[in-house]
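In order, the protein sequence lines correspond to chains A and B. Residue numbering for the first sequence follows my numbering, beginning at 1 and increasing consecutively. Residue numbering for the second sequence follows my numbering, beginning at 1001 and increasing consecutively.
Number of protein chains: 2
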Amino acid sequence: MTIKEVSEKYDISQDTLRYYERVGMIPPVTRTASGIRDYQEDDIRWVELAKCMRSAGLPVEIMIEYVKLTLEGYITIPARLQLLKEQKASLLEQKSKIDETLERLNYKISRYEIAVETGILTWED
Amino acid sequence: MTIKEVSEKYDISQDTLRYYERVGMIPPVTRTASGIRDYQEDDIRWVELAKCMRSAGLPVEIMIEYVKLTLEGYITIPARLQLLKEQKASLLEQKSKIDETLERLNYKISRYEIAVETGILTWED
DNA sequence: ATACTATCTGGAGTGAACTCTAAGTCAAGT
DNA sequence: ACTTGACTTAGAGTTCACTCCAGATAGTAT
């Protein structure tokens, strides 16, 4: 798969795909004899994982660490496990902040809806 | 309340408090005769709202727009309602991305846990 | 009055995550 | 062989959200 195809399939710019590889957020991608990227299944699985993690807001730095550990082989499995558990915790925390904010938004929305319906704003903020 | 007190109470740096005010993410804060910030209850409510929204990842730009609308008075209530609904939608989307990533993390974590316990890694990624 | 600490402003600097540019190489069509 | 378009790299530029700094002014203690 060419970089163009991967870019279109996963909606990640070619620049970003090259950037991810350059900084080590995904391992080096398979190349043709002349040096052009030719994404194989494993390369694509890394791309997809990277996209998923980034979309949830996990820092690039963390993925770089995870990739580095993975490339070092099975000895790093406990370290990888710990890294994943930490990231899980931080996502749960982020989720609870979002929930808090959603509650607040819902409250404001309901007040504004009443205001729009009745023309009366009970109080201002 | 002085900027120092607000900074400590809400764990936001003084620089950030001034920055929020400067860019319009909160309305102008009450000042003493000599120009020093003296946060009143409403000022503090804005600070708290700003902190809540930012902690969920809502862009500064959005809060600026919301504050601007609020300062324009009740005519902008429908616009504010729409803005809040849009932000609610984007938070829900963000939450579902986090859930997706959490599922993936949980799957990886369970596999790594088995690997650590048994010393056998079923497959690599 | 003199220190000393807190706060003020405007503007420059920082780190994260891209995003773009330039100059060169590769591949496909005519 | 030549043109056109896709791909390559290294490195510079951009955006966002702060964060720091310098120089000035304000408030407090002795």
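Heads up, the beta-carbon is just placed ideally off N, CA and C, and yes, glycines get one too.
Partners in chain B for residue i, counting only beta-carbon separations shorter than 9 Å
i: Glu113(A); result: Leu1081
Beta-carbon neighbours of residue i, restricted to chain B and to distances below 8 Å
i: Gln87(A); result: Leu1105
Neighbour flag for residue i against chain A, beta carbons, 7 Å
i: Pro1078(B); result: yes
i: Leu1017(B); result: no
i: Ile1098(B); result: yes
i: Ala1056(B); result: yes
i: Val1116(B); result: yes
i: Leu1084(B); result: yes
i: Leu1091(B); result: yes
Min CB distance residue i to chain B below 7 Å
i: Ile109(A); result: yes
i: Tyr74(A); result: yes
i: Thr101(A); result: yes
Strand pairing of residue i, partner residues [DSSP]
i: Arg1031(B); result: Arg1037(B)
Whole-Å CB distance - residue i paired with residue j, under 8 Å assumed
i: Arg1104(B); j: Cys52(A); result: 6 Å
i: Ile1109(B); j: Lys88(A); result: 7 Å
i: Arg1045(B); j: Tyr1066(B); result: Rounded, the Cβ-Cβ distance is 13 Å, inconsistent with contact.
i: Tyr1039(B); j: Val1006(B); result: 5 Å
i: Ile1098(B); j: Leu91(A); result: 5 Å
i: Gly24(A); j: Ile64(A); result: 5 Å
Chain A contact residues for residue i, given Cβ-Cβ distances below 7 Å
i: Leu1121(B); result: Tyr74, Ile77
i: Gln1014(B); result: Simply none; closest approach about 23 Å.
i: Gln1094(B); result: Ile98
Per-residue DSSP class, three states only, for residue i
i: Pro1059(B); result: coil
i: Glu1072(B); result: coil
i: Asp11(A); result: coil
i: Met25(A); result: coil
i: Met1(A); result: coil
i: Ile98(A); result: helix
i: Leu49(A); result: helix
i: Leu1084(B); result: helix
i: Thr1016(B); result: helix
i: Leu92(A); result: helix
i: Leu121(A); result: coil
Interface partners of residue i on chain A, CB under 9 Å
i: Met1063(B); result: Here the premise fails: no neighbours, minimum Cβ distance about 12 Å.
Interface partners of residue i on chain B, CB under 7 Å
i: Val53(A); result: Position check: residue 53(A) holds Met in this sequence, whereas Val was assumed. Simply Thr1101.
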